[in-house]
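Numbering (UniProt numbering), first residue to last: 1 to 269. Heads up, the beta-carbon is just placed ideally off N, CA and C, and yes, glycines get one too. All values derive from a computational prediction rather than experimental measurement.
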């Protein structure tokens, strides 16, 4: 199995490139650019749809034959303001030219040409609280199933306070058996505040054949091919992650790990 923890391979330009081939799966792709003011990045989408997420900073973007102007507002992701994003269908091209130092995420999945290019956010994205107690976290939904923005992609941001758990109670979405559960591959792009901290993520299956616990640093990506995938932010360090999911059906249905079902049932009351 490919390594689940991916470190950035540079500090400027493209610093992550995860393809279905490199991940050993079929659907999700994730790339990340660190651009200095004046730098540019450009790609063709090919047979994949793309959502560009302005994680930090501002960039002038063209895509699908249109000028989209300058996208981006927050200069630090932990401002928690809604992101500026752009959806681009398969068979198009895009280019981003940095107006300031910026971080641009490229989320991709198979495209069927079912949706037009469009801006996503900041309007319509509201930071929403989820969970209880030290399982509380805050969500910026960019393109989940309630938003009919994409053919395959599901994309969201999560802010986890210091000392809290997230993607918890542990759950999995690794079977194609809708409506009980859906098969969705997933990537986590992690950030930490302060940046010299660490977080924890575990990826494990009920049968124990996959069971990896990883210390994640600021800028790391974790692959979730199957199984449960909770993560924790140590006291003193808040955690951000950008999730990308995709599979044969654009629905998010999951099953709790047996040992935490009682927590999910209790908190649902």
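Nearest-angstrom beta carbon gap, residue j and residue i [assumed within contact, 8 Å]
i: residue 224; j: residue 203; result: 6 Å
i: residue 155; j: residue 53; result: 7 Å
i: residue 59; j: residue 72; result: 6 Å
i: residue 28; j: residue 185; result: 4 Å
i: residue 56; j: residue 77; result: 5 Å
i: residue 230; j: residue 168; result: 4 Å
Nearest neighbour of residue i, chosen from the options [CA to CA]
i: residue 257; options: 10, 206, 56, 33; result: 206
i: residue 238; options: 34, 43, 162, 51; result: 162
i: residue 118; options: 50, 80, 15; result: 50
i: residue 251; options: 265, 240, 145; result: 145
i: residue 85; options: 107, 66, 75, 100; result: 107
i: residue 7; options: 235, 261, 190, 26; result: 190
i: residue 89; options: 103, 104, 115; result: 115
i: residue 192; options: 265, 10, 240; result: 240
i: residue 130; options: 120, 158, 104; result: 158
i: residue 2; options: 10, 14, 9, 19; result: 19
i: residue 21; options: 269, 109, 227; result: 109
i: residue 33; options: 210, 43, 5; result: 43
i: residue 23; options: 187, 160, 236; result: 187
i: residue 228; options: 214, 210, 235, 170; result: 170
i: residue 15; options: 211, 102, 208; result: 102
i: residue 134; options: 26, 265, 234; result: 234
i: residue 236; options: 265, 160, 5; result: 160
Alpha-carbon spacing of residue i relative to residue j, whole angstroms
i: residue 263; j: residue 178; result: 23 Å
i: residue 12; j: residue 36; result: 7 Å
i: residue 172; j: residue 254; result: 5 Å
i: residue 197; j: residue 218; result: 7 Å
i: residue 128; j: residue 80; result: 11 Å
i: residue 122; j: residue 74; result: 11 Å
i: residue 87; j: residue 104; result: 13 Å
i: residue 260; j: residue 165; result: 13 Å
i: residue 201; j: residue 195; result: 17 Å
i: residue 213; j: residue 9; result: 21 Å
i: residue 232; j: residue 199; result: 6 Å
Close Cβ partners of residue i (< 7 Å) along its chain, the five nearest in sequence each way excluded
i: residue 17; result: 31
i: residue 132; result: 267
i: residue 62; result: 68, 94, 95
i: residue 248; result: 176, 183
i: residue 210; result: 203, 204, 226, 227
Same chain, Cβ closer than 8 Å to residue i, neighbours up to 5 away in sequence not counted
i: residue 91; result: 45, 46, 47, 111, 113
i: residue 125; result: 82, 83, 140, 141, 142
i: residue 40; result: 95, 96, 97, 98
Cβ shell of residue i (< 6 Å), same chain only, five flanking positions each side left out
i: residue 100; result: 37, 57, 58
Residue-level contact to chain D via CB, residue i, 8 Å cutoff
i: residue 7; result: Among the chains in the structure shown there is no chain D, since it carries only a single protein chain.
Next on the checklist: Using 8 Å as the cut-off, can you tell me whether the segment 142-161 makes contact with the segment 232-244, which would need three or more C-beta pairs spanning the two stretches below that distance?
Outcome noted: Touching, yes, given that three or more Cβ pairs across the two stretches are closer than 8 Å.
Next on the checklist: Quick test of the definition: if touching needs 3 or more C-beta pairs under 8 Å, does the segment 180-195 touch the segment 132-140?
Outcome noted: Short answer: they don't touch.
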